[in-house]
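Following the numbering used here, the numbering of the sequence shown begins with 41 at its first residue and continues without gaps.
Just so you know, even glycine gets a beta-carbon here, dropped at the ideal spot from N, CA and C.
I have placed the structure first, in the form of C-alpha cells, so that the comments after it can refer back to it.
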Amino acid sequence: MLTRLKVSGFKNLVDVDVYFGPFTCVAGANAVGKSNLFDAIHFLSALADRPLLDAALSVRNESGRSTDVTSLFHRVGDDFDREMSFVAEMIVPQEGWDDMGQRVEATNTFLQYSLTIAYREEDDDDLSSLGPLELKKEELVRIFKKDSSKKLPFLPMKEWRDSVVRGKGRRTPPFISTEGDGNNRVINLHQDGTGGQTLKRSAVRLPRTVLSALTAAESPTALLARREMQSWRLLQLEPSSLREPDGFRDPTKLGTDGSHLAATLYYLARRGGRKTGSAFVAPGNESRIYGQIALRLSGLIDDVYEVWVDRDKERELLTLYVNDRMKTPHPARALSDGTLRFLALAVLELDPETEGLLCLEEPENGIHPQRIPAMLRLLEDIAVDSDLPIGTDNFFRQVIVNTHSPAVVAQVDQNNLLVAELKEDNRSGKRFKKACFSCLSGTWRAQIAGASIVSKGKLLSFLNPIGPEEPEDKSDISDADRKAYRSATLKKRRVADREDLRQLRIPFSGNVAE
C-alpha cells in the first residue's frame, strides 16, 4: 500500500508530496498532471522489475506511446532537469514468495524507499555505453511501528494498523543505503538484522536498481518491498480485450488491459472465491460467485437476471454472458463498453489474488451520470476497509482513480478527493507551471502541515461547469453578415439556456442526488 509519494523533476511534478488512503480520487482538468502522477507510480513499479532504460521506455507520452527518456524529466522551454527523485512510503505484505517459490517473511512492513536518477550526458565517452540514465541514490529504510499513527494520517482504526504494520523496534542498519560521491558512489545492500555481510555495488555502472535484482537470501524484507512495488498496476481496460473469449489454457488473472475476463470469472467461480490452492467447489456452488457479480451489475443496469460463463468443450472456449430478465443471453461482444469495464472491476473485487495498488483513469467512461454512485461504491469496496483488520473478507488492496467529471467529484467522499491544478513557480529566474494536488478544508489531509487547500471558487467552478454563454464581439462585421449570424443563432441554443429549464434549475447544494 502506497501511503505517501514525493516526486520532483519528473514531467510537471516538481516538489510534489501526496498522501494516500485506501481509496483516492484525483480530479482536475485535462493536462494538469493527473496522468503524470500515475506515470510516476508506474515508473517506480517498472524500476522494481526492469533495467533503468527499459522502465523509462515503458512510460507513455501524451500520445500514449513509449517515450524517449529526456521527456520524463521536468522541462522548461528547451532545458530539462538533469535529475528526478522519488520517495515512496509503503506498507508491504508480512509474507510472500521469492522467485523460487519459497516463502519469505519481512522483519518490518512499513518502509520508505528513496530513489534519485540522473541523465547521463552523452559527452561522457567512458560511460555513454551504459545508457542515458544513472542511479544516483537508492535507499530503503524501516519506519518504526511507534511512528505509524502519525505516518498514516487517514485515521485508520488501531485494529487495522496492528494487522498491517509489523516490525521490531530496535535500531538496525537500513536495508539499502548509498555512500560516496561521483564515480566512487556505492549502493549498499544490507542483510536483514544487525549481522550478515553488506554487499556493495558501484552505482555509476548499475544498469538497474539494486532492489530489482536482489534475492530473498540477501534481504527478505527488501524482496517483499520489491513485490509490493511490482503489484502497483495501471488498469487500462480495453473493450476489445474485455469482449474476447478465452481458451481453456489461458491465464486466469485479469490483465491490465482487461484480457482474460471470462477465464478469470470462470475459475473464480470454480474456486468459490478462495485463494489458489483451495479445493475446487462443487459445480452447484459456482452460482454463488455468479450471483454476487449479477447483484453488483444490477446496480448499473436494471435489466440483469444472471451473469455466467459458458464452457464450450468442442472449441475449448470460455465466453462470458449476461442474461436479462427475459432470460435472453447476451455475450460479452454484445455488451456496452461501460458495462464491460464495470464487470471487470466487479470480478477484481471478488478475486482474492488481486492485491496491491490499482490505478484507473476516468472510471466514469461509458457510465450514465445517474449510475456514478454505483461505480464509486464498487471502487471503494475493492479497496481495503481501514476500520477492520485485513483478512479473507478484507483484502489488502488500494485504489487510486483520476477524473475530470463533475458528477464523480460531487459524489465522492470529501476525504478521498484530491484536486489537481497548475500553479506557477519560479526557479533560477525561469517561470513555469507545475502540478499541485490540493485537498478540501476540514478533511484529514488538511490537518497535515503544509497541505494545499483548494479554494471554494475553484471547487464550485468544477462542480458547476455550465456557465452563462459568452456573447461574441460582432462589431467589425457587415450588416448582411450580422443578419445571417443572428438568423443562425436563433436556431441554435444551448440546452442549459432554455428558459423553461432555467426556472427549474436549483443552485448546487452539495448533493446532486437530491
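Taking the C-beta atoms as reference points, residue 249 is found nearer than 9 Å to residue 178.
Within the same chain, Cβ atoms closer than 8 Å to the Cβ of residue 373 are found at 283, the five residues on either side in sequence being excluded.
Counted as a single uninterrupted DSSP element, the stretch harbouring residue 148 is not any alpha helix (DSSP H), since DSSP gives it neither H nor E. DSSP links residue 439 through a beta bridge to 63 and 398.
Scanning its chain for C-beta atoms nearer than 6 Å, with the 5 sequence neighbours on each side dropped, one finds around residue 61 the residues 194, in chain order. Here the segment 142–156 lies against the segment 173–189, with 3 or more beta-carbon pairs under 8 Å apart. Contact annotation, residue 493 with residue 479: C-beta distance approximately 6 Å; criterion of less than 8 Å satisfied.
A distance of 9 Å or more separates the beta carbons of residue 43 and residue 186.
Measuring C-alpha to C-alpha distances from residue 366 to each of 384, 345, 308 and 360 identifies 345 as the nearest. The shortest C-alpha to C-alpha distance from residue 204 to any of 212, 267 and 132 is the one to 132. Nearest to residue 368 by C-alpha distance, out of 348, 356, 357 and 354, is 348. When the five nearest sequence neighbours on each side are left out, the beta carbons in the same chain lying within less than 6 Å of the beta carbon of residue 197 are those of 427, in order along the chain. With respect to the 9 Å criterion, residue 79 and residue 50 are classified as neighbours on the basis of their beta carbons.
Beta-bridge analysis with DSSP links residue 470 to 467. Around the CB of residue 474, 16 or more other CB atoms lie within 10 Å, so the residue is classed as buried. Annotation: residue 171 to residue 86 spans about 17 Å, alpha carbon to alpha carbon. When the five nearest sequence neighbours on each side are left out, the beta carbons in the same chain lying within less than 6 Å of the beta carbon of residue 439 are those of 63, 398, 419, 422 and 423, in order along the chain. Across the set 211, 265, 207 and 175, the C-alpha of 175 shows the shortest separation from the C-alpha of residue 227. Between the C-alpha atoms of residue 108 and residue 245 there is a straight-line separation of about 21 Å. A distance below 6 Å between beta-carbons, with the five flanking residues on each side excluded, links residue 46 to the following residues of its chain, in chain order: 57 and 127. In the three-state reduction of the DSSP assignment, residue 135 falls in the strand class.
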